[in-house]
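Numbering (numbering that gives the first Met the number 0), first residue to last: 0 to 321.
We put the beta carbon where it would ideally sit given N, CA and C, even for glycine.
Bear in mind the structure is a predicted one, so any value in this text is a computation, not a measurement.
Below you'll find the structure, written out as structure tokens, and then a few comments.
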Amino acid sequence: MTVLQYTLPDLFAAFPCSRNVSEHYEECKDECKAWTESFHPFDEEGMKGFSLANFNLIRLGCDLISLLYVLDEYTDMMKSSFEVEKVRGVILGAFKNPHKGNISANEPPFGAMACDFWTRASSYVSPGALCLEHFIHNFDTYMAAVVREADDRLKRRYHSFEDYLSIRHDSSACLPCFSLCEFGLELPEEIVHYPRMAALREQGTTLIAISNVSRGLELHNSVELVMVERNLDVQGAINWLEQYTNGVSASFLDNVANMPSWGEDVDRRVKIYTDGIAQWVRGNDDWTFESGRYFGSKGLEVQKSRIMKLHLAARSVGYIKN
């Protein structure tokens, strides 16, 4: 087994959004864990891994992350993009008609999870709220991108760095996560799609995608792609990505600072929304080190030292139940 050692940059050292844990975190974490376990999505070893992941968002966000976790495990182990396309259909069907009676007990758990999640999520806002439409659209876009990634993975298809970012813009699932930040705010359509707002979401997604350099070197990873395109070693590629991220972060903050005014009440709601996106960017970075999923018990040590040792071993099995 090959071991690589490199230094991780602190990509968000100058990011003004500080770590902020919800007062409802502990209660929501326990409820979310119990909810996920009730669907029995993983074998015993898989549930141990899942239990290491502390999702520091309030309950709905916790449940969405859990659903995405389960989908990631199942789709990663599928043998064809056709299988992943079937999952996409199940999820979209669950959101459009979220009745558990339509889900067979013999089917994988993600369909029932999606039904239950959407029944509760849609009850938090008024019927026909635009945020519901935005969420479904963004989630389906995410699933379509997962289908494309499955096909790329199976065919060992490489992309350029810019193409990678374009794919990860959708397949990272950031956009449905950002949609939750919109729930209850009743933002007008023209504000949600205002150019600076759209750019903010894209830049937030880019920051999260690039921050994933700490999670390993895989086919769909910005580090490996930059290494190939620019003839750099691992550390050189990471240093290049640090500079790239600094530029994206600066543009993100510029868009926040120069958002126009739509009146006191709307501006207040816009700030809640943009703060939510910024917190998701920050939270993703903190969760990477704190959850235990990627670094085990050494996450905080790696976060402090910035020294990463990567064991290059192929992942051959997952945690789904047969």
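Tell me, which residues are paired with residue i by DSSP?
i, result
"Y5", "M307"
Would you kindly work out how many angstroms separate the C-alpha atoms of residue i and residue j, rounded to a whole number?
i, j, result
"G60", "F182", "11 Å"
"F251", "N105", "45 Å"
"D253", "L10", "17 Å"
"W279", "V227", "30 Å"
"R147", "G246", "28 Å"
"R292", "G298", "9 Å"
"E84", "N220", "23 Å"
"I90", "L63", "13 Å"
"D150", "I209", "22 Å"
"S296", "F288", "9 Å"
"A52", "V145", "Note that A52 has pLDDT 41, beneath the 50 cutoff, so the model's placement of it is unreliable and no number is given."
"P15", "D139", "32 Å"
"G262", "A128", "21 Å"
"W239", "A13", "17 Å"
Please classify residue i: is it buried, with 16 or more other beta-carbons within 10 angstroms of its beta-carbon, or exposed?
i, result
"T204", "buried"
"T273", "buried"
"S79", "exposed"
"N257", "exposed"
"R281", "buried"
"Q4", "exposed"
"N283", "buried"
"F160", "buried"
"Q202", "buried"
"N19", "exposed"
"H23", "exposed"
"L156", "Note on residue identity: the sequence assigns Arg, not Leu, to residue 156. Result: exposed."
"Y353", "Summary: the structure shown does not reach residue 353, with the chain confined to residues 0 through 321, and so no result is reported for it."
Comparing alpha-carbon positions, which option in the options lies nearest residue i?
i, options, result
"G110", "V86, A128 and R58", "V86"
"N137", "E188, Q302 and L174", "L174"
"E188", "M112, L131 and V255", "L131"
State the start and end residues of the unbroken alpha helix (DSSP H) segment that holds residue i.
i, result
"K270", "E263 to E289"
"S17", "From DSSP, S17 is part of no alpha helix (DSSP H); its letter is neither H nor E."
"L91", "S80 to K95"
"G235", "V233 to A256"
"G295", "Counting along the chain, G295 falls outside any alpha helix (DSSP H), and DSSP gives it neither H nor E."
"D42", "Neither: D42 is in no alpha helix (DSSP H) and is coded neither H nor E."
"V327", "Past the edges of the chain, shown from 0 to 321, lies residue 327, and the structure says nothing about it."
Relative to the ligand GDP, is the shortest distance from any of its heavy atoms to the C-beta of residue i smaller than 8 Å?
i, result
"V191", "No copy of the ligand GDP occurs in the structure displayed, which carries no ligand at all."
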